[in-house]
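So the protein lines, in turn, are chains X and B.
So for the first sequence, our numbering puts the first residue at 25; every next one is plus one.
So for the second sequence, our numbering puts the first residue at 25; every next one is plus one.
Glycine included, C-beta positions come from ideal geometry on N, C-alpha and C.
Here is the structure we will look at.
Number of protein chains: 2
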Amino acid sequence: MENVEAECRGLAEVIARIGDKWTVMVCGHLSEGTHRFNALKNRIPGISHRMLTITLRGLERDGLVARKAYATVPPKVEYCLTPLGQSLTEPLAALASWARENRPALEQARAAFDRRAAQD
Amino acid sequence: MENVEAECRGLAEVIARIGDKWTVMVCGHLSEGTHRFNALKNRIPGISHRMLTITLRGLERDGLVARKAYATVPPKVEYCLTPLGQSLTEPLAALASWARENRPALEQARAAFDRRAAQD
DNA sequence: CTGCATCCCGCTCGATACTG
DNA sequence: CAGTATCGAGCGGGATGCAG
């Protein structure tokens, strides 16, 4: 093994799918359970109506979230993770765990780097 | 626990750092060992001189890669992962593993979605 | 309430050329 | 060989308005 090329490519594809600012947040909140469109919008500060729509459609397209529309008036649409989407939350949780553990080191490294850059 | 908010934010920060197209590829190749600038450039198809520089500087700033410049002529600069950077490759490998395992499902979901969209 | 189209600004990224 | 600066095209994404 250690076919680094193949690993990189596969990883890069996943990153390309979930690597935008909003996708991870949507997934994170949906990992809690089913939510309606506006519920998600209210829970994710700063996301625009348009981007939430686009993000959800992208996730739905990749089979990570399921969309359930009720033909009522006013309309009601619920989103939840599919089993595939839930399986993704596991490696994502590993990454989040790394983030929690190493954020101080990251910030420290950054501050040190910026300090050195400033004194040039 | 299950403080989803905090998890999302931490995860989103990491994603923001490594979630661009090139960072993961650079990390992947550096996980093999130390490489020179042009060695990386040749190994990563499509990356421009400029983006490799920027990506490397970003990783260096966050303390994930170490830069070692030799004052020779011609110049020679080597890059390698720091221990912090190596620790990141572990959750990244988990993600790559997920990618390898679920790419078929993703592509199938996509094809199904596009098929349904086309027949509307 | 949810979804889609349009406009438009700002930023990213690639190409190019120049320094050490 | 490695890094920086500049410019310009292209796209992401916010605001807004309309439809179902």
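- Taking a beta-carbon distance threshold of 8 Å, X/H59 does not count as an interface residue toward chain B.
- At a Cβ-Cβ threshold of 8 Å, X/L80 and X/L108 do not count as neighbours.
- Within the DSSP secondary-structure output, X/C104 pairs in a beta bridge with X/A90.
- Per DSSP, X/T77 is one residue of the alpha helix (DSSP H) stretching across 73-85.
- The beta carbon of X/P99 does not come within 8 Å of any beta carbon belonging to chain B, so the residue lies off that interface.
- In this structure, X/A123 places its C-beta atom within 8 Å of the C-beta atom of B/E37.
- For a cut-off of 8 Å, the C-beta gap from B/H59 to B/Y103 is around 6 Å, short enough to register as a contact.
- Per DSSP, B/W46 is one residue of the alpha helix (DSSP H) stretching across 45-54.
- Spanning the alpha carbons of B/E125 and X/E114 requires a straight line of approximately 13 Å.
- Restricting attention to B/Q143, B/F137, B/N27, B/A120, the CA atom closest to the CA of X/L83 is found in B/F137.
- Taking the C-beta atoms as reference points, B/L64 is found no nearer than 8 Å to B/H73.
- Closer than 8 Å to the CB of X/S111 there is at least one CB belonging to chain B.
- For the pair X/A118 and B/A118, the CB atoms are nearer than the 8 Å cut-off.
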